[in-house]
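Encoded as structure tokens, the structure appears first; notes follow it.
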Amino acid sequence: MKKKSIGNPRDAALHVLLEVDKNQAYSNLLLTKHLKQHKIAPVDRGLMTELTYGTLQHKMTLDYYLKPFLKGKIEPWVLWLLRMAVYQITYLDRIPDHAVVNESVQLAKLHGHKGVSGLINGVLRAYLRQGPPSLDEIADPVERLTIESSHPRWMIENWITAFGFDKTKKIALQNNVAPPQTVRVNTHKISVDEAIHALEQEGFQVRKGLLPESLHLSGKVAAASELFATGGLTIQDESSMMPAHALHLREGLNVLDMCAAPGGKTTHIAQLMEDTGAITALDIHEHKMKLIHDNAYRLGFQRITTIASDARNATASLEQKQFDRILVDAPCSGYGVIRRKPDMKYTKQPADADRLATIQLAILEEAYNLLIPGGILVYSTCTIEPKENQEVVSRFLKLHPDLHEQSLPDILQKLPHTAMGPGMQVLPYEDGDGFYLAALLKADTKG
Ligand SMILES: C[S@@+](CC[C@H](N)C(=O)[O-])C[C@H]1O[C@@H](n2cnc3c(N)ncnc32)[C@H](O)[C@@H]1O
Numbered sequence: 001m002k003k004k005s006i007g008n009p010r011d012a013a014l015h016v017l018l019e020v021d022k023n024q025a026y027s028n029l030l031l032t033k034h035l036k037q038h039k040i041a042p043v044d045r046g047l048m049t050e051l052t053y054g055t056l057q058h059k060m061t062l063d064y065y066l067k068p069f070l071k072g073k074i075e076p077w078v079l080w081l082l083r084m085a086v087y088q089i090t091y092l093d094r095i096p097d098h099a100v101v102n103e104s105v106q107l108a109k110l111h112g113h114k115g116v117s118g119l120i121n122g123v124l125r126a127y128l129r130q131g132p133p134s135l136d137e138i139a140d141p142v143e144r145l146t147i148e149s150s151h152p153r154w155m156i157e158n159w160i161t162a163f164g165f166d167k168t169k170k171i172a173l174q175n176n177v178a179p180p181q182t183v184r185v186n187t188h189k190i191s192v193d194e195a196i197h198a199l200e201q202e203g204f205q206v207r208k209g210l211l212p213e214s215l216h217l218s219g220k221v222a223a224a225s226e227l228f229a230t231g232g233l234t235i236q237d238e239s240s241m242m243p244a245h246a247l248h249l250r251e252g253l254n255v256l257d258m259c260a261a262p263g264g265k266t267t268h269i270a271q272l273m274e275d276t277g278a279i280t281a282l283d284i285h286e287h288k289m290k291l292i293h294d295n296a297y298r299l300g301f302q303r304i305t306t307i308a309s310d311a312r313n314a315t316a317s318l319e320q321k322q323f324d325r326i327l328v329d330a331p332c333s334g335y336g337v338i339r340r341k342p343d344m345k346y347t348k349q350p351a352d353a354d355r356l357a358t359i360q361l362a363i364l365e366e367a368y369n370l371l372i373p374g375g376i377l378v379y380s381t382c383t384i385e386p387k388e389n390q391e392v393v394s395r396f397l398k399l400h401p402d403l404h405e406q407s408l409p410d411i412l413q414k415l416p417h418t419a420m421g422p423g424m425q426v427l428p429y430e431d432g433d434g435f436y437l438a439a440l441l442k443a444d445t446k447g
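In UniProt numbering, the protein residues as written are 1 to 447.
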């Protein structure tokens, strides 16, 4: 597909879908690229985003629906065009069916020969006449959930083992629901009440979140707000606001954030310490230092120092060897944020968790060496995979008898979560993103 229909949100979405399929990049990055390349008008951006994410989210269900209407092999772009059309017909009420068929046939004409547009026309008209096959025809409940929620079977089976069938069903269906727009008020600059007032003046609908500094916004894009530009808020899911609270911060502490970019939690730590003390922000990628700097600058924090380094060698690369608080917001499989990155469902592999657990434990070992006796270490991930969460922390605790679980502040304990110790597990349907965290206290004397 070399041609582009400039200004056409359906064509732009089709390009994104095809490039995601070829594993060229994550959907969110490709979406930004094609918004620009296709010169999509602001009014059509929502539609382009919805078509891209909706089609990706429901890919396996759409294939099941299309199967009776397809014979022989078809080219990938034709299949994506059909999936996108069936997504609109089946899931979106506001687009008339005849418009979906016409627009799809036009795209087929742009990118293919006459036979392709005839095929698209024929398949979609037959689909409209006969309707999709019922999911009830799938007798095996696990297979039915796999198809209904569009997740690979191994993922569903792993979750059933960890959480049982009912919770797995809730997780999988919730992964196909768009997340709310959640922001953290930068209370170092502005009070929550002032922020609510300013946002309402800008035309947002505002609802208070479950944490003191979190707000849910709707009606407009938070990143385009005046309050964002002037550093009064940052975009952050409520779950991601938990680790800074779990660190039991107070003014003047010496804090190490070992996997810090782009700095969402680093700046939250700075905020809770009223920009006092010292924060060292580490990340393995040199190019990500700028993201942390930009965030710290926009939000007005001065006590953050960045270092590009592999956290698995942190002791060797840091001059300072002792910290009062350490956050390990580890690289992970990300199964708690599938609703934000639906392509992940089709690219992840079962073996990823074991590989990541090895990295996570290696980072934790360095954190242990750098933590002062009496200091607190918080380990967090945005996954719901027990191998990377409870199992990593259990193994780590066994290695270091002088580490003990530190209780979490009341405001965190009150949040909806699933009791699965050690630590605290938030499942994707419980409130924010799926998330895990554990706070560990290092005893003052080895015992
Ligand atoms: C979950 S993200 C961190 C998000 C960040 N804490 C925030 O709140 O904005 C994990 C980060 O770990 C970094 N990373 C991956 N492997 C690492 C390693 N071995 N050492 C240090 N950082 C690493 C990645 O570059 C990524 O930025």
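Ideal Cβ positions, reconstructed from N, Cα and C, are used throughout, including at glycine.
*Heavy atom of ligand 1 less than 6 angstroms from the Cβ of ASP329, yes or no?*
yes
*Going by Cα to Cα distance, which pick from PRO76, GLN24, SER394, LYS398 is closest to GLY423?*
SER394
*Exposure label - VAL378; buried when at least 16 CB within 10 Å*: buried
*Under a three-way DSSP split, which group does ALA126 fall into?*
helix
*Using only the heavy atoms of ligand 1, determine whether one of them is closer than 6 angstroms to the beta carbon of ILE284.*
yes
*Are the CB atoms of LEU18 and TRP80 nearer to each other than 7 angstroms?*
yes
*Just mark PRO386 as buried or exposed, buried being the case when its beta carbon has 16 or more other beta carbons within 10 Å.*
buried
*Outcome for HIS113 when other beta-carbon atoms lying within 10 angstroms are tallied against a minimum of 16*: exposed
*Return the Cβ separation of ARG325 and ILE376 in integer angstroms, given the expectation that the two are a contact with Cβ distance under 8 angstroms.*
5 angstroms
*So who's on the other strand from TYR436, going by DSSP bridges?*
THR381, GLN425
_Buried or exposed by the 16-neighbour rule on C-beta atoms within 10 Å, applied to ASN186_ = buried
_As assigned by DSSP and simplified to three states, the class of ASN254_ = strand
*asked:* Cutting at 7 angstroms between CB atoms, please list the residues of its own chain near ASN260, excluding the five before and the five after it.
replied: Position check: residue 260 holds Ala in this sequence, whereas Asn was assumed. Within the same chain, ALA260 has close Cβ partners THR266, ALA281, LEU282, ASP283, ILE292.
*Less than 6 angstroms between the CB of ALA260 and some heavy atom of ligand 1, yes or no?*
yes
*Where does VAL43 land, buried or exposed, given buried means 16+ other C-beta within 10 angstroms?*
exposed
*Among the residues of its own chain, which have a CB less than 6 angstroms from the CB of PRO96, if the five just before and after it don't count?*
none
*Which runs of the alpha helix (DSSP H), 4 residues or longer, sit entirely within the segment 233-318?*
242-246, 264-272, 289-299, 314-317
*asked:* Along the chain, where does the beta strand (DSSP E) containing ASP324 start, and where does it finish?
replied: 323-329
*Please confirm whether LYS321 and PRO373 have their CB atoms less than 7 angstroms apart.*
no
*asked:* Short of 8 angstroms in beta carbon distance, which residues of its chain neighbour ARG153, apart from the five on each side in sequence? Order them along the chain.
replied: VAL142, GLU143, THR146
*asked:* So, at 7 angstroms on beta carbons, what are the nonlocal neighbours of VAL206 in its own chain, with the 5 sequence-adjacent residues on each side left out?
replied: ILE196, LEU199, GLU200, LEU215, LEU217
_Residue closest to GLY7, alpha-carbon to alpha-carbon, out of GLN360, LEU47, ALA178_ = LEU47
*Taking the C-alpha atoms as reference points, what is the distance between ALA353 and CYS332?*
8 angstroms
_Less than 6 angstroms separating the Cβ of ASP402 from some heavy atom of ligand 1?_
no
_At the level of alpha carbons, what is the spacing between LYS59 and ALA367?_
41 angstroms
_Please return the same chain residues whose Cβ sits closer than 8 angstroms to the Cβ of VAL255, not counting the five positions on each side in sequence._
LEU247, LEU249, ILE269, MET273, GLY277, ALA278, ILE279, THR280, PHE323, ASP324, ARG325, ILE326, LEU327
*Where do the N-terminal and C-terminal ends of the beta strand (DSSP E) with LYS407 fall, by residue?*
Position check: residue 407 holds Ser in this sequence, whereas Lys was assumed. No beta strand (DSSP E) holds SER407; DSSP gives it neither H nor E.
*asked:* I need the straight-line Cα distance from LEU128 to LEU173, nearest angstrom please.
replied: 25 angstroms
*Quick one: any contact between the segment 334-343 and the segment 406-418, if contact means 3 or more CB pairs under 8 angstroms?*
no
_Residue from ALA223, LEU14, MET241, ARG355 whose Cα sits closest to the Cα of TYR53_ = LEU14
*How many angstroms separate the CA atom of SER149 from the CA atom of VAL86?*
16 angstroms
_At a cut-off of 6 angstroms, would you count GLY264 as near ligand 1, judging by its Cβ distance to the nearest heavy atom?_
yes
_Ignoring anything shorter than 4 residues, give me the alpha helix (DSSP H) runs that lie fully in the segment 11-49, in order along the chain._
27-37
_Using only CA atoms, which one of MET420, GLU226, LEU135 lies nearest to LYS67?_
LEU135
*Simplified DSSP state of SER5, which is helix, strand or coil*: coil
*Mind checking ASP444: buried by the 16 CB within 10 Å criterion, or exposed?*
exposed
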